[in-house]
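See below for the structure under consideration.
Spelled out as structure tokens, the structure:
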């Protein structure tokens, strides 16, 4: 069998050359199926480890055409009866959403949101999912005390009905319709919150686009950074590798004179509704990380003066941190920051004993709201390294030196053969790296976002490592070289990058690559937006399994 597979592979290589590097497996042919699945350990292994992908291939091959469903071509507008959203305009205690599907569907979702559209904040949400459901009825209950943020609020309920169905072509389609209802607007003249002052995180220079945080620097040189002294301690817990990340935060809240904070001296978290507090960072690259609020009570520093009952400061010290999986931490991480502080306050004219004001400090506020309870801050820019350890850098004297042995002030050599002085060294951690090997046997490990010089379609250009393709010709110190291998490789170790007076190209393991500044200034749109829906996340995980199976069986 192995000999037959080798003969078939040789045959496919010939077909590949004849077709100009383009070859499609015909899985309806047994010989093609045998060769294809042998790359992943056999058809049974593929089916067991990657059932979703196996089913997709089976359908694509035509073997399952007769099994496909003739789904409906109509959407919710044709088969959904939606009643009006119910609410009590006096107390705003609850909202109710009811719907009925007039025909059976593959899946139905109802997602409801209770919004404060004055500042875009979600006050309450709920979701329902069931297969082949015909009736949906659900209620969102909202405590009226939570709505007292100011005298001027506009509230809205939003309900979205969703269904999934297979059309006549066998394609899975998603349909949805939305219903909105503005339920309350109270007009007034004065806000509860007078001012929110953010001392951190913020850039030292207001003209800076981001707040710069530097981790794991091996040399001093972060004079332009806002927070240059953090250390990402690496920990191995079970199967995963973690790194400690700290985000500095110090926020002062001042209420208008007729309001005051409710501070219980026995309460370790003074003036905060602990269960609703949240601090997080998130990005399209790396997902969302919520900082460990379980340790909040012992870590938060509260500055409160009895003579100024309308003013309070919350600070989160340097030992309050979060363990992030190293696969989340990339070499250059541009993230949004959000801190939600629900605080206790009262007013003499309030009929409730206490009310809640939700302070929102975020870099992702949709609009510059006039509400003083909302404070927009700048995004967080966390800088790490970018090349694997032992990467050999071409120096000005013609020698090569491991990147981890280079120091500030050393002279490297750029692509034009000119000496360039190292002004900064950045080091961080990385879970996976892009591994590249050329036909000339040059090898390099890079993070996904590292810039590489190639010839593409006859023109020289700079692309990110993750965007490389098989037709690219690499610019090396020995000329142009074709690609032999490229794949993601487990790494779980330290990475490095160099910074110079300006953007520079240098030689790393013989490859022409960009420096740290060039990496930061390259367009981010193509490679950083990894938005996976609920349905595609399992497929993405199977693709990772598939890569590992391929590597194991092709070595």
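Residue numbers (this note's numbering): 2 to 556.
Just so you know, even glycine gets a beta-carbon here, dropped at the ideal spot from N, CA and C.
For clarity, every value in this text was computed on a predicted model and none was experimentally measured.
Would you give the residue range spanned by the beta strand (DSSP E) that residue 393 belongs to?
-> For residue 393, the enclosing beta strand (DSSP E) has its first and last residue at 393–395.
Over what stretch of residues does the alpha helix (DSSP H) that includes residue 1 continue unbroken?
-> The displayed coordinates of the chain run from 2 to 556. Any statement about residue 1 would go beyond what the structure contains.
Is it the case that the Cβ atoms of residue 486 and residue 438 are separated by a distance below 9 Å?
-> Going by C-beta atoms, residue 486 is nearer than 9 Å to residue 438.
Buried or exposed by the 16-neighbour rule on C-beta atoms within 10 Å, applied to residue 205 | Classification of residue 205: exposed, given that the 10 Å Cβ count is below 16.
Going by alpha carbons, who is nearest to residue 265 out of 310, 464 and 452?
-> Per the Cα distances, 310.
Confirm, please, whether the CB-CB distance from residue 388 to residue 445 is below 9 Å.
-> In contact: residue 445 and residue 388 (Cβ atoms closer than 9 Å).
N- and C-terminal bounds of the alpha helix (DSSP H) containing residue 47 = Residue 47 -> alpha helix (DSSP H) spans 44–50.
With which residues is residue 209 paired in a DSSP beta bridge?
-> Note: residue 209 sits in no beta bridge, so no partner.
Does the separation of the CB atoms of residue 443 and residue 481 fall below 9 Å?
-> At a Cβ-Cβ threshold of 9 Å, residue 443 and residue 481 do not count as neighbours.
So residue 214 and residue 543 are in contact, right, with Cβ under 8 Å, and what is the actual spacing, rounded?
-> So it is not a contact: roughly 35 Å between Cβ atoms.
Residues in its own chain within less than 6 Å of residue 314 by CB, not counting five upstream and five downstream?
-> Leaving aside the five residues that flank residue 314 on each side, the residues in its chain whose CB is nearer than 6 Å to its CB run, in chain order, 253 and 304.
Mind reading off the beta-carbon distance from residue 423 to residue 193? Whole number of angstroms is fine, and I expect it under 8 Å.
-> Here residue 423 is actually not in contact with residue 193; their C-beta atoms are around 53 Å apart, not less than 8 Å.
Residue 553 versus residue 395 - alpha carbon distance | Taking the straight line joining both Cα atoms gives about 34 Å.
Which residues DSSP lists as bridging residue 382, in chain order = As a beta-bridge residue in DSSP terms, residue 382 pairs with 213 and 335.
Short Cβ contact (9 Å threshold) for residue 345 with residue 263 = Yes, Cβ-Cβ distance for residue 345 and residue 263 is below 9 Å.
Measure the Cβ-Cβ separation of residue 338 and residue 281 and say whether it is below 9 Å.
-> Contact: yes.
Where does residue 404 fall in DSSP's three states?
-> Here residue 404 sits in helix by DSSP.
Between the C-alpha atoms of residue 49 and residue 547, what's the straight-line distance to the nearest angstrom?
-> So the two alpha carbons sit approximately 11 Å from each other.
Among 397, 427, 474 and 462, which has the Cα closest to the Cα of residue 419?
-> Residue 397 is the option with its Cα nearest to residue 419.
Looking at C-alpha atoms only, which residue of 448, 476 and 459 is the closest neighbour of residue 467?
-> Residue 467 has its Cα closest to that of 448, out of 448, 476 and 459.
Where residue 466 sits in the DSSP three-state scheme | DSSP places residue 466 in helix when its eight states are reduced to three.
Give the single residue among 195, 409 and 436 whose Cα lies nearest to the Cα of residue 426.
-> Measuring from the Cα of residue 426, the nearest candidate turns out to be 409.
Do residue 374 and residue 197 have their C-beta atoms closer together than 9 Å?
-> Closer than 9 Å, so yes.
Are the CB atoms of residue 516 and residue 501 nearer to each other than 9 Å?
-> Result yes, Cβ atoms of residue 516 and residue 501 sit closer than 9 Å.
Given a cut-off of 9 Å, decide if residue 379 and residue 434 are closer than it, judged by their beta-carbon atoms.
-> It is not a contact, given that the beta carbons lie outside the stated cut-off.
Per DSSP, residue 262 forms a beta bridge with which residues?
-> Beta-bridge pairing links residue 262 to 346.
First through last residue of the beta strand (DSSP E) which encompasses residue 513 = Note, residue 513: beta strand (DSSP E), 512–515.
Look at the alpha carbon of residue 211 and the alpha carbon of residue 257, and state the distance between them as a whole number of angstroms.
-> Between residue 211 and residue 257, the C-alpha separation is close to 31 Å.
Can you tell me where the beta strand (DSSP E) with residue 501 in it begins and where it stops?
-> Unbroken run through residue 501: none, as it is neither H nor E.
Skipping 5 residues on each side, what residues in its chain have a beta carbon closer than 6 Å to that of residue 452?
-> Around residue 452: 463, 515, 519, 520 and 523.
What residue range is occupied by the uninterrupted beta strand (DSSP E) comprising residue 376?
-> Boundaries of the beta strand (DSSP E) around residue 376: 375–377.
Anyone know if the C-beta pair for residue 474 and residue 456 falls short of 9 Å?
-> Contact flag set, yes.
Does DSSP classify residue 494 as helix, strand or coil?
-> Reduced to three states, the DSSP call for residue 494 is strand.
Should residue 400 go down as buried or exposed, given a rule of 16 or more other Cβ atoms within 10 Å for buried?
-> Classification of residue 400: exposed, given that the 10 Å Cβ count is below 16.
For residue 403, is the classification buried or exposed, using 16 other Cβ atoms within 10 angstroms of its Cβ as the cut-off for buried?
-> Looking at its Cβ environment, which holds fewer than 16 other Cβ atoms inside 10 Å, residue 403 is exposed.
Mind reading off the beta-carbon distance from residue 245 to residue 324? Whole number of angstroms is fine, and I expect it under 8 Å.
-> Confirmed, Cβ separation roughly 6 Å.
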